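K.L.:
The following block contains the structure, expressed as structure tokens.
There are 2 protein chains.
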Amino acid sequence: MPKKEDSKGITVKKEEDMPNWYSQVILKAELADYTPIKGCMVIRPYGYAIWQYIMDFFNGRLKRLKVQNAYFPMFIPESFFKKEAEHAKGFKPEVAWIQNKDEDSNERLALRPTSETIMYFFYAKWIRSYRDLPYRINQWCNIVRWEVSDVKLFLRSREFLWQEGHCVYETEEECRTETLMFLEEYRRVAEELLSIPVIMGMKTAREKFAGAKSTYTIEAFMPDGKSLQLGTSHELGQGFAKAFDIQFLGKDEQKHFPWQNSWGISTRLIGACVMMHSDNKGLVLPPRIASIKVVIVPIFYEKDKELILNACMDIKKSLKIETELDDREGYTPGWKFNDWELKGVPIRLELGPKDLEKNQVVLVRRDTGEKQSVKILELTKRVDEVLNAIQENLFFKAKKVLDDNIVETHIWEEFKEFIRQKKLVKTVFCGDIICEEQIKEETGGATSRCIPFNSEKPKDSCVHCGKKALYEVYFSKNY
Amino acid sequence: MPKKEDSKGITVKKEEDMPNWYSQVILKAELADYTPIKGCMVIRPYGYAIWQYIMDFFNGRLKRLKVQNAYFPMFIPESFFKKEAEHAKGFKPEVAWIQNKDEDSNERLALRPTSETIMYFFYAKWIRSYRDLPYRINQWCNIVRWEVSDVKLFLRSREFLWQEGHCVYETEEECRTETLMFLEEYRRVAEELLSIPVIMGMKTAREKFAGAKSTYTIEAFMPDGKSLQLGTSHELGQGFAKAFDIQFLGKDEQKHFPWQNSWGISTRLIGACVMMHSDNKGLVLPPRIASIKVVIVPIFYEKDKELILNACMDIKKSLKIETELDDREGYTPGWKFNDWELKGVPIRLELGPKDLEKNQVVLVRRDTGEKQSVKILELTKRVDEVLNAIQENLFFKAKKVLDDNIVETHIWEEFKEFIRQKKLVKTVFCGDIICEEQIKEETGGATSRCIPFNSEKPKDSCVHCGKKALYEVYFSKNY
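The listed protein sequences correspond, in order, to chains A and B. The first sequence lines up with residues 1 to 479 when you count with the working numbering. The second sequence lines up with residues 1001 to 1479 when you count with the working numbering.
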């Protein structure tokens, strides 16, 4: 029989060894696991439930925005890849190929690292007239990028799950407006669903998507001083349309190339959420993505057992949300407390004979550990309030981490020092790819995160090369 | 401007050229399309919406049955495949492999044709004690089976979408009970959601899943006289548990091998639905899977335009279900009728000035073409009733096709004649794999569909070889 000493708690501290802590939280909360297949991970039910919340939330938004789901082949002929030169070049190193078993075909097939090329082949066939525009399609699928073989659970793996939206417009303006609109939708997913505050902006030339005119991004800042790109939205211009010959008959009865965008978020969001909110007791989940929102732990001696368990069942029934009653035999209440804290359940309710006598329960918040007695009659309302409070508190705690770590300098020596201190450094930058490459080298890995939307035209010159600065840019280490 | 003569209607008759008719319905209703990648198809939004209904319905059931969704790697090491000998042999010809780019690894990776082996590898790690059982996991994913290169839209393609459930139990009895329970769930999907009646039963030795002890199936019968297997549920016994060393500590404190099942349905269901219900005007969708349940077509001369359109918009708002108002300019009402019939929308409402004067609309059923005038005040209720009536009517029409085509004989010459007549033939059979092989050859392709659950112990000898008959079996041509 497991006792308190068998507790499978986290054995390292977040502030001391973040990578090990992160991996322990995910493994021990049973969100995911490593695999014997290099670079791959498996998403366990408790982790997949988070992805399901993200899918449901985002599908709801897509429906409103008139984006329709579809499914395209995972196999992309090599010739499709080559059609858009920059795109082909950008993805080349990380494409996995299958051995084609057909005797009459010697073209290799790629496993999709992203689906622009395969989707736009069909768009050229399906889109005929301005009446078909805007044309908005989304796909939920698995993606293969043959990157480094050491997996970082949820953050970097050779296969992962994502959604990719691909839209087509009559005008450049409409295309840009919606490219930014989808980025704003990503901000909502991050901030409203996952309680992760983000900085929004545009990527520099070095960091933009292969084949895009402009890439926009939402960037989160992790407690260990590294940024994490959470979602991107690309203005593709007319490059792919020309490469794939997508044309529409305009109102002017002439043929035109349309304007396109694409945008994606992935299971990486789950990793961001774990890293941002969890603590040394284990997982902390924002209530909106917690598949168990409340756990009831009964506390009794044998003589009160039936009474207490019945009361717990009544409470479970009365709560209209996902509630678990932990009536497992052979475990102490203390062991159960630890176990559910490890699992990140937002609210724990404890009910013992003395509580029941007073018609109340003890409510414990996972995020703060705060305890309060609540009258059973008021419980539904109180649980609701506390869940909202936790959702908000997690956001504001994370926002404080972000705000406290933003520093600004236009001086190179200070810049390097801030990067050493693992800050998110706002500076001024020339925009040059080679200059950015040098900054990365000379700082041991700092890259540009984004040009913030509210950026002002700089007066100082580039922090690194001293040439004319084009814009304000955030730099930091990153995942 | 498209006129009636541009109508993109179906140009062949279902009863004359089923394969061509089937393909036209799918292409013209924009459910799916062919691709330049051999053996692959693309699912367009209007077709994917049907899959979404199936996923939502089935996910709802899974939740009740305490089955949890997860996601396992698509890549399966060759050594995993080899662990269960029969399984490996059965799937060998249709596995696609990727070229492993890692220098330090020379093991090929399969793209999952099914996930038993990769999932059970983890089960061996995760399952410890009887407390973990029953262990029920489901996965929605893409599957790759490198079969013939000519795709049959939704029915046969090298990549398709499916769900696969994989459960683990303490006892054989519990395992069998749930194997049949999941088959019953599949019957519900087919009959209640898709209006497709099925026969349920067990597969013969020749037709069972590679690695299973027993395979159970739901079989539909298509209007062209071929059966279509819609879903299977496999009792795996302890074979995989032993191959992958899945063991649990029992209540007796001893280690035991558990009992397992697996079960799956795929996007093939969409094809079955199209083939079963559609007609020479195009698609016919059961209301429960129609993403547009009602279409309103306004009929007016210019002077009444605003009045009629406003009334239509009011009707659209008042209906609480998925309703489309076809206010496209430049198309005649007749052209629109054809277009929506092609798309299979269950109910069409027509509203012209004379209807409006009488506060009524004309309601037209897609399945029967039947027209009725309905008072606008009674419309919500009437639409609901008619949608239910269509759902039922489609089921009973299909049930009649099934019932009318079932024949029974124990005489070989009659059996062959029935197969020539494309019937679903109930007969008595010895169960021998070679005998079944011979029946297939001598009839030009008839295979056993299933041993029905209500089967009686036969008194006559095997219809083909004359040896002792073991059970009643359905035979027919099949997809």
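Backbone N, C-alpha and C fix where the C-beta goes; we use that ideal spot for every residue, glycine too. Small disclaimer: the values here were computed from a predicted structure and weren't measured.
#1: Do we get a CB-CB distance below 8 Å when we pair Pro36(A) with the residues of chain B?
#2: Would you call the stretch 1378-1386 of chain B and the stretch 1312-1320 of chain B in contact, with 3 or more CB pairs under 8 Å?
#3: Out of Gly352(A), Ala243(A), Ile270(A) and Ser266(A), which one is the CA nearest neighbour of Ile257(A)?
#4: Work out the CA separation of Ile347(A) and Glu84(A) for me, nearest whole Å.
#5: Apart from the five residues on each side of it in sequence, which residues of its chain come closer than 7 Å, Cβ to Cβ, to Phe1080(B)?
#6: So which residues on chain B does Pro77(A) lean against when the C-beta distance must stay under 8 Å?
#7: Among the residues of its own chain, which have a CB less than 6 Å from the CB of Ala220(A), if the five just before and after it don't count?
#8: According to the neighbour-count rule (16 or more other Cβ atoms, all chains shown, within 10 Å of its Cβ), is Arg1131(B) buried or exposed?
#9: Does any residue of chain B bring its CB to less than 8 Å from the CB of Tyr48(A)?
#10: Roughly how many whole angstroms lie between the Cα atoms of Glu1324(B) and Leu1351(B)?
#11: Identify the continuous alpha helix (DSSP H) that holds Cys435(A) and give its terminal residues.
#12: Does the separation of the CB atoms of Val259(A) and Ser233(A) fall below 8 Å?
#13: Please list, in chain order, all residues of the same chain as Tyr1022(B) whose beta carbon is under 6 Å from its beta carbon, the five residues on each side excluded.
#14: How about Leu230(A): is its C-beta nearer than 8 Å to some C-beta of chain B?
#15: Determine whether the Cβ of Asp490(A) lies closer than 8 Å to any Cβ atom of chain B.
#16: Strictly under 8 Å for the Cβ-Cβ distance: is Cys462(A) near chain B by that measure?
#17: Could you check the C-alpha separation between Lys63(A) and Met55(A) for me, to the nearest Å?
#18: Starting from the N-terminal side, write out each stretch of the beta strand (DSSP E) that is 3 residues or longer and does not extend beyond the stretch 1349-1380 of chain B.
#19: Within 8 Å (strictly less), CB to CB, does Ile1196(B) reach chain A?
#20: In chain D, which residues lie less than 8 Å from Lys1101(B) when you measure between Cβ atoms?
#21: Is Asp1104(B) helix, strand or coil by DSSP?
#22: Gln238(A) and Gln1099(B) look like a contact to me (Cβ under 8 Å); what is the Cβ gap, rounded to whole Å?
#23: Helix or strand or just coil, what does DSSP make of Lys1017(B)?
#24: In the DSSP assignment, what residue or residues form a beta bridge with Met202(A)?
#25: Between which two residues does the alpha helix (DSSP H) harbouring Ile118(A) extend?
#26: Would you grab the beta carbon distance between Gln391(A) and Arg288(A) for me? Rounded to a whole angstrom, and I think it's under 8 Å.
#27: What is the rounded straight-line gap between the Cα of Lys1014(B) and the Cα of Asn1280(B)?
#28: Thinking C-beta only, is Gly47(A) closer than 8 Å to Leu31(A)?
#29: With DSSP collapsed to three states, give me the class of Cys1167(B).
#30: Here's a check: name, in chain order, each residue in its chain whose Cβ is nearer than 6 Å to the Cβ of His166(A), leaving out the five neighbours to either side.
#31: Taking only the alpha-carbon atoms, compute the straight-line gap between Gln480(A) and Lys1092(B) and give it to the nearest angstrom.
#32: At the 8 Å Cβ level, is Cys40(A) part of the contact set with chain B, yes or no?
#33: Is the CB-CB distance between Leu402(A) and Tyr474(A) below 8 Å?
#34: Could you pull out every unbroken beta strand (DSSP E) segment of at least 3 residues lying fully inside the stretch 1212-1263 of chain B, listed in chain order?
#35: Where Val1468(B) and Ser1461(B) are concerned, what is the direct C-alpha to C-alpha distance, given to the nearest angstrom?
#36: Using three-state DSSP, classify Gly1282(B) as helix, strand or coil.
P.N.:
The relevant details are as follows:
#1: Position 36 of the first sequence holds residue 36(A). Pro36(A) counts as touching chain B.
#2: yes
#3: Position 257 of the first sequence, counting from 1, holds the residue named residue 257(A). Reading the sequence as shown, one finds Phe at residue 257(A) and not Ile. Answer by Cα proximity: Ala243(A).
#4: Within the first sequence, numbered from 1, the residue matching residue 84(A) stands at position 84. Within the first sequence, numbered from 1, the residue matching residue 347(A) stands at position 347. Glu84(A) and Ile347(A): Cα-Cα distance of roughly 51 Å.
#5: Working through the second sequence from its first residue, we reach residue 1080(B) at position 80. Cβ within range, chain order: Thr1117, Ile1118 and Phe1121.
#6: Against the first sequence, residue 77(A) aligns to sequence position 77. Within 8 Å Cβ-Cβ: Pro1036 and Ile1037.
#7: The residue given as residue 220(A) occupies position 220 in the first sequence. Its chain contains Ile196, Val198, Leu228, Leu230 and Ala272 as the residues whose beta carbon lies nearer than 6 Å to that of Ala220(A), once the 5 sequence neighbours on both sides are disregarded; these appear in chain order.
#8: For the purposes of this step, residue 1131(B) is taken as residue 131 along the second sequence, with counting starting at 1. Per the 10 Å Cβ criterion, exposed.
#9: The residue labelled residue 48(A) in the question sits at position 48 within the first sequence. For Tyr48(A), the answer is yes, since a Cβ of chain B falls inside 8 Å of its Cβ.
#10: Stepping through the second sequence from its first residue, residue 1324(B) is reached at position 324. Stepping through the second sequence from its first residue, residue 1351(B) is reached at position 351. About 13 Å.
#11: Within the first sequence, the letter at position 435 stands for residue 435(A). Ile433 to Glu442 is the span of the alpha helix (DSSP H), which, as asked, contains Cys435(A).
#12: Residue numbering aside, residue 259(A) sits at position 259 when the first sequence is read from its first letter. Residue numbering aside, residue 233(A) sits at position 233 when the first sequence is read from its first letter. Inspection of the sequence shows that residue 259(A) is occupied by Trp rather than by Val. Going by C-beta atoms, Trp259(A) is not nearer than 8 Å to Ser233(A).
#13: Here residue 1022(B) refers to the residue found at position 22 of the second sequence. Closer than 6 Å at the Cβ level, and outside the excluded window around Tyr1022(B), lie Met1275.
#14: Taking the first residue of the first sequence as 1, we reach residue 230(A) at position 230. Answer no: the Cβ-Cβ gap between Leu230(A) and chain B never drops below 8 Å.
#15: For chain A, the structure presents residues 1 to 479; residue 490(A) sits outside this window and is missing.
#16: Stepping through the first sequence from its first residue, residue 462(A) is reached at position 462. Not flagged as an interface residue toward chain B: Cys462(A), since no C-beta distance is shorter than 8 Å.
#17: Along the first sequence, read from residue 1 onward, the residue named residue 63(A) stands at position 63. Along the first sequence, read from residue 1 onward, the residue named residue 55(A) stands at position 55. So the two alpha carbons sit approximately 12 Å from each other.
#18: Unbroken beta strand (DSSP E) stretches of 3 residues or longer found wholly inside the stretch 1349-1380 of chain B: 1360-1365 and 1371-1375, given in chain order.
#19: Within the second sequence, residue 1196(B) is the residue found at index 196, counting from 1. Chain A contact via Cβ: absent.
#20: Absence of chain D from the displayed structure is noted, the protein chains being A and B.
#21: The residue you call residue 1104(B) lines up with position 104 of the second sequence. Residue state, collapsed to three classes: coil.
#22: Within the first sequence, numbered from 1, the residue matching residue 238(A) stands at position 238. Within the second sequence, numbered from 1, the residue matching residue 1099(B) stands at position 99. Not a contact, Cβ separation roughly 34 Å.
#23: Your numbering for residue 1017(B) matches position 17 in the second sequence. For the record, residue 1017(B) in the displayed sequence is Asp; it is not Lys. Asp1017(B) falls in the coil class under three-state DSSP.
#24: Along the first sequence, read from residue 1 onward, the residue named residue 202(A) stands at position 202. Answer is Tyr216(A) and Ile451(A).
#25: Working through the first sequence from its first residue, we reach residue 118(A) at position 118. Counting along the chain, the alpha helix (DSSP H) containing Ile118(A) begins and ends at Glu116 to Trp126.
#26: Taking the first residue of the first sequence as 1, we reach residue 391(A) at position 391. Taking the first residue of the first sequence as 1, we reach residue 288(A) at position 288. At roughly 6 Å, the Cβ-Cβ gap stays under 8 Å, so Gln391(A) and Arg288(A) are in contact.
#27: Against the second sequence, residue 1014(B) aligns to sequence position 14. Against the second sequence, residue 1280(B) aligns to sequence position 280. Cα-Cα distance, rounded: 6 Å.
#28: Against the first sequence, residue 31(A) aligns to sequence position 31. Against the first sequence, residue 47(A) aligns to sequence position 47. The answer is yes: Cβ separation under 8 Å.
#29: Within the second sequence, residue 1167(B) is the residue found at index 167, counting from 1. Three-state DSSP puts Cys1167(B) in a strand.
#30: On the first sequence, position 166 is the one that residue 166(A) refers to. Around His166(A): Met119, Ile137 and Ser262.
#31: The displayed coordinates of chain A run from 1 to 479. Any statement about residue 480(A) would go beyond what the structure contains.
#32: Along the first sequence, read from residue 1 onward, the residue named residue 40(A) stands at position 40. Answer yes: the Cβ-Cβ gap between Cys40(A) and chain B drops below 8 Å somewhere.
#33: Reading the first sequence from its first residue, position 402 is the one you call residue 402(A). Reading the first sequence from its first residue, position 474 is the one you call residue 474(A). It is not a contact, given that the beta carbons lie outside the stated cut-off.
#34: DSSP runs (the beta strand (DSSP E)) wholly in the stretch 1212-1263 of chain B: 1214-1221 and 1226-1237.
#35: Within the second sequence, the letter at position 468 stands for residue 1468(B). Within the second sequence, the letter at position 461 stands for residue 1461(B). Here residue 1468(B) turns out to be Lys, not Val, going by the sequence shown. Looking at the two C-alpha atoms, the distance is approximately 5 Å.
#36: Taking the first residue of the second sequence as 1, we reach residue 1282(B) at position 282. It is a strand residue.
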